Each structure stands twice: as C-alpha cells, then as structure tokens.
C-alpha cells in the first residue's frame, strides 16, 4: 500500500490501520477464548469442594479482551462455586509465558484481601488487576484455590482446594 501526502496524514493513517488490525485480532481471540474455554473450565471440576464457573479477561473498562498493549491494565475475574462451607477461602493465579515460565503470580492472602466465611453453594468472584509491564507474547493462566491462610505474607495455606491449568490466555 502506497501513501502520498503530508507526514501527519501518514501517521494518522498508520495509527488507524494498526488499530483496525488490533481490533480484528482481539475479536478473533475473543471468539477463540470465549464460551468454549469457559465451558472447558466449567466441566473440569476441581473436586467435590469447589468449581471454577467463569474466567474473564477484561480491559480496564470491563470489556472482554484478548489483546493488550504493553503497560495497559489487564483485569482477571474468577468466579468460583464453593460446594462446602469454608472459613477463610483464597484464590490466586499465575501467568505463564509461551516458554512455560511463571512471569507473575499473586493471591488474595498475600494481597491481604479476605472475603470472609463462605457458605455451601455460594459463588464468589475474585477480581485481580494486573498492571505489570508484561513483555510482548502470549500468557496462559493457572488458578489455585485454598482455605486457611497463615504465615507472614508467605501465602501458606492449611488446605489446598484445587489447582487448574486453564485454556484461557491473552496476548500483549
């Protein structure tokens, strides 16, 4: 594609083309990463204690997204069904890069966030804002659920309730 004109118009055209490509790629990713992946997570019950009902990857406005610009916020929402009563449940995640390396991980206990007691049959949504400057690439998400945090920010738990490698991923 050739362009003849002034520099400002050329930059504007280039930015518009990049934005259109980004939106197209994001739409394709959302199609690949939406219901099929969530259903996979739904069907893979961790055990008789908890079930991951939904994993949402959103931009800072709360819109589903699969492609992010380096430095932009990624919002991860994890909705869990607790099948029994728990005194001190926690949720955490790890971001795994294309090489299988853990790039970032955190849990509600280490963030000093407590949801309190949960009853059998109760759904809880955990929301994490990832504002790390991630390198360009694909990132998958692993989720851990536990009960009874203890220790000084060491994120030790009395009971592990489940761990799942999800089919969900996003790109930077």
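Residue numbers (my numbering): 520 to 691. Glycine included, every Cβ here is placed at the ideal spot set by N, Cα and C. Keep in mind it's a predicted model, so treat the numbers as computed, not measured.
- [ ] Provide the residue(s) that pair with residue 632 in DSSP beta bridges, ordered along the chain.
- [x] Partner(s): none; residue 632 has no beta bridge.
Task: the stretch 612-627 touching the stretch 641-658, judged by at least three CB pairs closer than 8 Å - done: yes
- [ ] Please classify residue 531: is it buried, with 16 or more other beta-carbons within 10 angstroms of its beta-carbon, or exposed?
- [x] exposed
Open item on the list: In this structure, how does DSSP classify residue 652 when only helix, strand and coil are distinguished?
Closed with: coil
TODO: List the residues that DSSP assigns as beta-bridge partners of residue 658.
DONE: 616 and 689
Open item on the list: Counting only beta-carbon separations shorter than 8 Å, does residue 593 have a partner in chain D?
Closed with: The displayed structure is made up of one protein chain only, and chain D is not part of it.
Open item on the list: I'd like to know if the stretch 564-582 and the stretch 678-688 are in contact, where contact means that at least 3 CB-CB pairs between them fall below 8 Å.
Closed with: yes
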